[in-house]
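Chemist: This structure is in structure tokens; I'll ask about it shortly.
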Amino acid sequence: MFPWIDLALVDIKAINPTIHKAETGVDNRIILENILRISFITKVTVRIPVIPGFNDNAEEIQAIGQFAQMMSNVDTIHLLPYHNYGENKYSLLGLSYPLQGIESNLDEKIDQLKSKVESMGFTCHIGG
Numbered sequence: 000m001f002p003w004i005d006l007a008l009v010d011i012k013a014i015n016p017t018i019h020k021a022e023t024g025v026d027n028r029i030i031l032e033n034i035l036r037i038s039f040i041t042k043v044t045v046r047i048p049v050i051p052g053f054n055d056n057a058e059e060i061q062a063i064g065q066f067a068q069m070m071s072n073v074d075t076i077h078l079l080p081y082h083n084y085g086e087n088k089y090s091l092l093g094l095s096y097p098l099q100g101i102e103s104n105l106d107e108k109i110d111q112l113k114s115k116v117e118s119m120g121f122t123c124h125i126g127g
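Numbering (numbering that gives the first Met the number 0), first residue to last: 0 to 127.
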């Protein structure tokens with residue numbers, strides 16, 4: 000299908016469909032199905048944007064890890080700590096920032112989540 004692709008980077012925000020839809024406005028069923036399809040074609044690196052109050056807990060990270068374990072072509076997971084770098088862009092466009100007030104200090108928690116990912120057999124990097 001895509002013979003020139005040897006690695007796909009996929010972002011997974013949440014496995015729980017209720018949480019995903021509530022926070023993003025869309026169902027994640029098709030997203031997850033497409034990620035599974037891609038994994039049959041090429042190696043996949045899963046990236047998790049870690050957002051406080053949304054998916055920054057061991058349960059959701061474990062669920063994403065279990066999903067990744069279903070794919071034989073995944074060996075690396077990147078945890079992408081939340082930052083508010085895009086907030087100014089929203090302001091310039093006259094839009095309200097949907098994550099206003101969320102703190103981006105995840106240092107201690109991100110280390111715990113990294114340990115969780117590694118305990119599931121994956122190589123884990125913080126940042127992308």
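Glycine included, every Cβ here is placed at the ideal spot set by N, Cα and C.
1. Classify Y81 as buried or exposed, calling it buried when 16 or more other Cβ atoms lie within 10 Å of its own Cβ.
2. Should I29 go down as buried or exposed, given a rule of 16 or more other Cβ atoms within 10 Å for buried?
3. Mapping the DSSP letters down to three states, classify K12 as helix, strand or coil.
4. Can you find the residues in the same chain that come closer than 6 Å, C-beta to C-beta, to F53, ignoring five residues on each side of it along the sequence?
5. In its own chain, which residues sit with a C-beta less than 7 Å from the C-beta of P51, not counting the 5 before and 5 after it?
Modeler: For this structure:
1. As a working note, residue 81 is residue 82 in the sequence shown. With 16 or more Cβ atoms within 10 Å of its Cβ, Y81 is classed as buried.
2. The count along the sequence shown starts at 1 and reaches residue 29 at position 30. The residue in question, I29, is exposed, as its Cβ has fewer than 16 Cβ neighbours within 10 Å.
3. If you number the sequence shown from 1, residue 12 lands on position 13. Residue state, collapsed to three classes: coil.
4. As a first step, residue 53 must be located in the sequence shown, where it is residue number 54. By the criterion of a C-beta distance shorter than 6 Å, F53 is surrounded in its chain by E22, once the five residues flanking it on both sides are discounted.
5. Here residue 51 refers to the residue found at position 52 of the sequence shown. Excluding sequence neighbours, P51 sits near Y81, I101, E102 and L105.
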